[in-house]
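Numbering (full-length UniProt numbering), first residue to last: 1 to 806. Using N, Cα and C, we set each Cβ at its ideal position, and we do this for glycine too. Notes follow once the structure below has been shown.
Here you go:
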């Protein structure tokens, strides 16, 4: 196991120790112990940055199931490493924040940190795994751990609902991704992502390319809250703020972005990839920004802003793919690389300013008791540090200087203008759609960024509407967002530091052919008076006008019909499936064993019988059959007659005797076939069984007439099913008799039973070869006997008690 493998499993291993530490040190906040884990992971992984800056990668492998091509392979490149650093770095800040946010006296902290470590390890496994099956296992673990984190305050109904909603949607996408992985393996013959990328030409030309791509994108879109799967993210805001700051700004919601970026070399450069990724991203961008403006809850506003920003990053990945396909050659590679550079740059920037904003909103909620913007206002002088951090994060989100969001937003505008000039568009009619949509979404992004600051920290202070007396947060709670706020400013003034060690290696990982494109490229926040700058100026001008007149047009949101709300579709769809499942269960779960046997027999007839019929495998071999004498024919007729008599008789005594006749005739067959020990066993069992039946039936009431019991009537359907299953089993037995695919196992017993010291083969099988199996069968019977005893005793107690002497 390499050290990188250890970094992935370290959080999972440490999660086992957290409950012990929680109990062993009751006076120390558990977060101080947990903080060591992400700090160690971040420190170790940061040592790989110089290697990546030199264009190198690292690969480590632990064999797991080599026969199925499933190994725990870790691939350290620019994309995976930077994601891993974000996961561990933001994770460390979130843990520091949670130490002061969550009270040890009131919260089950051991549960919180166990779930958090599970999630951290799962995310590290997702971004560093090269094997698609291992990636999928970690992917689903993120869904499970996020479900537990969102439902951390499980006493609240909305927390449980939000966790369930997130689980249903993201796990559905995970199943779709698994189907895509299986298709990709069928095409390429490998689960390795690197080898799949190497066979991208084969993948694109295959008939399964489109369904594999659609299912893969379905998994990415559900995890990254792309329209129409975004509806789970606002409800997930019921989780504690540290969870929202970690999962829903920096890590989990970017797993889908990572998946699209990772598979861009395999699926990118195709028109299907461009159209779907670009326009789903653009629609999510504008839909999220439009809905963020009308929110009254601070975390609700941040949720929709996150949806919008994720759509921006996703659209850039799609636009880059379009450049590669519709402008092949060096120019297409450059345009693709620039769009991807803008995407990964904004991804990092978003992690800084959105993580800071979530923490500031958590501080406001923690120190005032509310997140409702209608109750807030005037907190600037009371919470000056929080106000400063909110301004930094909000203006960066709005794309204004001197903050890092300005640079990546300018690059986003450049990417949209480049896409508009591609050959797929007629510039006179359709070419301006992409930059116009991006510009309109940016206007609303500016509006909700101003709303967040103005309604929280400016305006009139309303202490009577607050649940707590407002005051600034403690220093420990301010340190994490302050570090992120500092990074927002530092990246703006020194963008090429992160460009050389993070952005360029990430682009090289996503577009291997663009490894040298940015060798001489420098990131700058000033490019002169270019169209992108004028677009930003127009965003600010129109945004200020719309913000000033907000009360005049905000009512337009109320005119949206209820049936258009996707949340209603989800609720009605979920309740409809529940009602439908209840109807199906009520229809077939009747409580009668005969109905369940009927379902089983019909299934066997359709599947087994249908398969044999379609394959024409029903065969009858008579070459090796022994001759049948008259005595055996008579016994067979007696068997048939006694069977019919059991079904036709109205007397219990006759039925029991007929069953006994069946058993005795079978014993005679054993004697004819030279198995006297089996015949003796059969005779003993039949004798005891008949005696027990007669003893039990003596205490039962007499049978009613045929017309008095509806269940006694002859049913044609039951007769057909019984005849079908009996005929099928008979035909199967006769057909199997002619197949000798392997050496008969009787040869093994025939050669070895004498070594067991037995007088015949059957005794050896029962006493030696199946001794342990027989012991377990006796054990099961003993357990059943204890269960029967317990039921009888319980019944007696309900009737009035039992005597201890009984």
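Burial state of residue i (16 or more Cβ within 10 Å)
i	result
residue 708	Reliability fails at residue 708, whose pLDDT of 42 lies under 50, so the model's placement of it is uncertain and no value is given.
residue 748	exposed
residue 291	buried
residue 271	exposed
residue 581	exposed
residue 427	With a pLDDT of 43 at residue 427, under the threshold of 50, the modelled position of that residue is not reliable, and the figure given next carries that caveat. With fewer than 16 other Cβ atoms within 10 Å, it is exposed.
residue 534	exposed
residue 589	exposed
residue 38	buried
residue 155	exposed
residue 802	Since pLDDT at residue 802 reaches only 49, below the 50 mark, its modelled position is unreliable, and the value read off the structure follows with that caveat. Label assigned to residue 802: exposed.
residue 613	exposed
residue 607	exposed
residue 113	buried
residue 736	exposed
Within 7 Å, strictly: CB atoms of residue i and residue j
i	j	result
residue 166	residue 159	no
residue 512	residue 52	no
residue 278	residue 315	yes
residue 134	residue 72	yes
residue 567	residue 28	no
residue 120	residue 91	yes
residue 386	residue 485	no
residue 304	residue 288	yes
residue 222	residue 170	yes
residue 88	residue 247	no
residue 768	residue 785	no
residue 205	residue 188	no
residue 452	residue 352	no
residue 509	residue 79	yes
residue 443	residue 542	yes
residue 380	residue 296	no
residue 15	residue 117	yes
residue 163	residue 142	no
Extent of the continuous alpha helix (DSSP H) to which residue i belongs
i	result
residue 525	Residue 525 -> no alpha helix (DSSP H), and no H or E assigned at all.
residue 54	Run containing residue 54: none; DSSP gives neither H nor E here.
residue 379	No alpha helix (DSSP H) contains residue 379, which DSSP labels as neither H nor E.
residue 235	232-235
residue 516	No alpha helix (DSSP H) contains residue 516, which DSSP labels as neither H nor E.
residue 773	771-798
residue 509	504-510
residue 16	3-24
residue 733	716-736
residue 27	Careful: residue 27 lies outside any alpha helix (DSSP H) and carries neither H nor E.
Chain-order list of residues whose beta-carbon lies under 7 Å from that of residue i (same chain, five-residue window excluded)
i	result
residue 408	342, 345, 346 and 349
residue 228	566
residue 69	190 and 191
residue 194	75 and 130
residue 299	237, 244, 361 and 371
residue 266	196, 197, 200 and 203
residue 639	662 and 665
residue 499	523
Bounding residues of the beta strand (DSSP E) (the contiguous stretch that carries residue i)
i	result
residue 63	58-65
residue 76	70-76
Nonlocal neighbours in the same chain, by C-beta distance under 6 Å from residue i, ignoring five residues either side
i	result
residue 417	435
residue 711	Unreliable positioning characterises residue 711 in this predicted model, as indicated by a pLDDT of 45, which lies under 50. A coordinate reading is not provided.
residue 334	517
residue 716	none
residue 148	115
residue 242	94, 97, 98 and 101
residue 61	71 and 73
residue 2	60
residue 245	94, 355, 358 and 359
residue 655	646 and 649
residue 176	215, 218 and 219
residue 139	126 and 174
Cutoff 8 Å; reference residue i; Cβ partners in own chain excluding five residues on either side
i	result
residue 798	none
### Message
What ranges does the alpha helix (DSSP H) occupy inside the segment 589-653, keeping only unbroken runs of at least 4 residues that lie completely in it?
### Response
Scanning the segment 589-653 for uninterrupted alpha helix (DSSP H) segments of 4 residues or longer gives 593-604, 610-615 and 630-648, listed from N- to C-terminal end.
### Task
Run through the segment 121-193 for me and flag every whole beta strand (DSSP E) of 3 or more residues, listed as ranges in chain order.
Those beta strand (DSSP E) runs which fall completely within the segment 121-193 and span 3+ residues do not exist here.
#### Entry: Sequence ranges, alpha helix (DSSP H) only - wholly within the segment 222-288, length at least 4
Taking only runs of at least 4 residues, the alpha helix (DSSP H) segments lying wholly in the segment 222-288 are 232-235, 241-247 and 255-267.
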